[in-house]
Every structure is written in C-alpha cells, then in structure tokens.
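Please read the structure below before turning to the comments.
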Amino acid sequence: MTKRTKMQFYPSAMSVTASDSGGGAGIAADLRTFNALGVYATCAVSAVTCQNPAVTRRIEVVPADIIACQIDTVMEKIAVRSIKAGMLFSAESIRAVAEAVKKYDLELICDPEMLSLTGKNAIADEVVEVVKSELFPLAAWITLSVPEAETILGKKIAALSDMLDAAGELMEMYSAFIWLKGGAVEGKQALDVIAGDGKIYTIASPKLELLPQNTYGAGTTLSAALTGMLALDMSWKQAVCAAKAFVYGSLAQSVEIGKNTLAMYPPSEDFYNLIKLSEAGRK
791 MTKRTKMQFY PSAMSVTASD SGGGAGIAAD LRTFNALGVY ATCAVSAVTC
841 QNPAVTRRIE VVPADIIACQ IDTVMEKIAV RSIKAGMLFS AESIRAVAEA
891 VKKYDLELIC DPEMLSLTGK NAIADEVVEV VKSELFPLAA WITLSVPEAE
941 TILGKKIAAL SDMLDAAGEL MEMYSAFIWL KGGAVEGKQA LDVIAGDGKI
991 YTIASPKLEL LPQNTYGAGT TLSAALTGML ALDMSWKQAV CAAKAFVYGS
1041 LAQSVEIGKN TLAMYPPSED FYNLIKLSEA GRK
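Residue numbers (my numbering): 791 to 1073.
Below you can see the structure in the form of structure tokens.
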C-alpha cells in the first residue's frame, strides 16, 4: 500500500438531491462524478428512492430539517466550494437549501429535475414556483432540459433558434448562466445552448447513436460534472467544455451492468478536444 508523503488539499463539492438505488442518477451518479474528477464528494439526501434504470417503485421524502442538518453538519468541518441542488420535493426543502447557500456563500448550480422521464411533473406545480422564485435567483448556473425550459417559459421550443432565444430570456430573468441541454442535433453534432455574461453560445460534441434508456443519468452527470469543475476553480469556459467532454465520454464508454442494461460510467480517456464552444450572438 502506497503511503501519502504529503497532505493534499482537495476541493470539495456537495450534491443535494435524491438517492437513486440503481446508481444511474441522483446522489450515486453525482458522487461518482465528483470522485472521478478529483473533487472530495459530500452530500445531503433529499429523498430515498427504490428504483433501477427502468422503473421507480417508491419515493420516501426526507424532511427539510434533516436536509438542513446534513448541510450544516458537513459545512462545520469541510470547505465546500460548490453545491448542486437537484430534485427537491417540497417548498420547505427548497428554502432549507436557499438558506444554506446564503449562509455559507456557496456557488449554486441548480438542476431542478422538474420532469420525469415520461415528461410528467416530478414535483408539484407549487414547488416548481418556489424553485423559480427562491432558488433560481441565488444560482450561479441553472441547467435545464428543453421540456423544463418550456414549462418555465410557457412556450414551445422546437428548433435551435428557439433554444437560443429561450436561453437568452432565462439569462435575463434570473441573472445566471443558463445551460439548455439535449435539444438539438445539427448534422453530426449534438448541440446544447449556454447563455451567460450577456452572450449566447452553442456547445457541441459528436453525435452518439444511443437508445434513450442508455442515456439515463446524462443530465444529472452533466450538472454534477459542471459543479465539480467549478469546485476545481476552472474558468467557466473550461468548466463547461470539460463537463461536456466528461458526459460524452461516459456515454461513449458505457458499461454493461446487467442483461441488456448499459450504464454511463466515468471515461478512461479525455475527450476535451472533441468539444467545441462557439459564440452564437448577443441577446
């Protein structure tokens, strides 16, 4: 066993979201991502689920005071730099996270996971409103799927031009960086849209031919990778390209975990050079 000869300071990040017993999303995916990036992983569990990549059978919500206690207890001893807020099921839970962000001056990456894989609301409408009014205004970054952006803006997003407009509108609404993910395929490229600093960008990776069930956890992994990269004190442009590359690699190098079941897994090589960030215009 190799002995450490020198103490090494590790940057730390936190995930506040549900536990996915199947490991494809939620806390398990976030902590796996943080560890792969060389970031010390901490968490506060917002719910316990009974699920696998194909089905969710039960969800047990953790009370807001327990979520707050988890965060406070971690912060007593660990210098968390960035915090990801994922699926939160109640207004009280959202407020507990919001108070912690303000109390500890944390960089917040908000990935609200408002919709299930079937497109139905995963959290109640009134909870969505609290996310929008009390959590989004505190966020440095907000990552959204196209259907989630449609829910927030109340309009259809059908083309890349719609994504560009929607990202710009959301940037102005919340004064945050917006990452609108998974909505456009242009030729051989899969495009997301990022808005921030008054500009709008596309970020592209090569298109992968994958079945929908084999992309489970991609959005969760993306926001966790972004959180980890920011905890490593990267510039935002470096962070988004590195996060996109990590997700691309995790999909390209999926592992078999059961019969006809593939799962994303941290890649064994770096795909950073395959990612292209381009300015699309000003809003």
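Glycine residues also receive a C-beta, built at the ideal position from the N, C-alpha and C atoms.
Check whether residue i and residue j have beta carbons under 9 Å apart
i: valine 835; j: glutamine 860; result: yes
i: serine 965; j: proline 927; result: yes
i: alanine 886; j: alanine 858; result: yes
i: valine 1030; j: leucine 1000; result: no
Cβ-based burial, residue i [other Cβ within 10 Å; buried from 16]
i: alanine 949; result: exposed
i: glutamine 841; result: buried
i: lysine 867; result: exposed
i: lysine 874; result: buried
i: alanine 844; result: exposed
i: valine 1045; result: exposed
i: glycine 1018; result: buried
i: serine 805; result: buried
i: lysine 813; result: The residue asked about is misnamed: residue 813 is glycine in this sequence, not lysine. By the 10 Å Cβ count, glycine 813 comes out buried.
i: serine 802; result: buried
i: lysine 971; result: buried
i: aspartate 952; result: buried
i: aspartate 810; result: buried
i: alanine 869; result: exposed
i: glycine 935; result: As written in the sequence, residue 935 is serine, which differs from the glycine given in the question. Buried, by the Cβ-count rule.
i: threonine 908; result: Reliability fails at threonine 908, whose pLDDT of 49 lies under 50, so the model's placement of it is uncertain and the value that follows must be treated cautiously. Looking at its Cβ environment, which holds fewer than 16 other Cβ atoms inside 10 Å, threonine 908 is exposed.
Beta-carbon proximity list for residue i, same chain, < 8 Å, skipping 5 on both sides
i: methionine 877; result: Thr807, Ala808, Gly816, Ser836, Ala837, Pro902, Glu903, Ala912, Ile913
i: valine 917; result: Leu878, Phe879, Ser880, Ala881, Ile884
i: valine 920; result: Ala881, Ile884, Arg885
i: methionine 1024; result: Ala1032
i: lysine 1027; result: Leu1067
i: lysine 1049; result: none
i: lysine 978; result: Pro996, Lys997
Cut-off 6 Å between Cβ atoms - residues of its own chain near residue i, not counting five sequence neighbours on either side
i: threonine 1010; result: Ala815, Ala819
i: lysine 1034; result: Ile993, Ser995, Ile1065
i: leucine 960; result: Ile968
i: tyrosine 1038; result: Ser995, Phe1061
i: tyrosine 894; result: Met865
i: phenylalanine 824; result: Ala803, Ala831, Gly1018
i: lysine 1073; result: Residue confidence is low: lysine 1073 scores 47 on pLDDT, short of 50, so the model does not pin down where it sits. Its coordinate-derived value is still stated next. Gly958, Ile990, listed in sequence order.
i: isoleucine 849; result: Ala837, Thr839
i: methionine 791; result: Residue placement at methionine 791 is flagged as unreliable, the pLDDT there being 46, under the threshold of 50; the coordinate-derived value follows with that caveat. None.
i: methionine 963; result: none
Residues near residue i by beta carbon distance below 7 Å, same chain, minus five either side
i: serine 1040; result: Thr1011, Met1054, Tyr1055, Pro1056, Pro1057
i: alanine 1070; result: Leu954, Ile990, Tyr991, Thr992
i: leucine 998; result: Leu1041, Ala1042
i: arginine 847; result: Cys840, Gln841
i: arginine 871; result: Pro801, Ser802, Ala803, Glu897, Ala1021
i: leucine 821; result: Ser805, Ala831, Cys833
i: aspartate 855; result: none
Nearest-angstrom Cβ-Cβ length linking residue i and residue j, presumed shorter than 8 Å
i: alanine 1021; j: phenylalanine 1036; result: Going by Cβ atoms, the distance from alanine 1021 to phenylalanine 1036 rounds to 14 Å, so no, they are not a contact pair.
i: alanine 939; j: alanine 956; result: 5 Å
i: alanine 985; j: glycine 944; result: Incorrect: roughly 18 Å between the Cβ atoms, too far for contact.
i: serine 1013; j: threonine 933; result: 5 Å
i: alanine 888; j: glutamate 924; result: 5 Å
If we count Cβ pairs, one from each stretch, closer than 8 Å, do we get three or more for the stretch 849–865 versus the stretch 995–1006?
-> no
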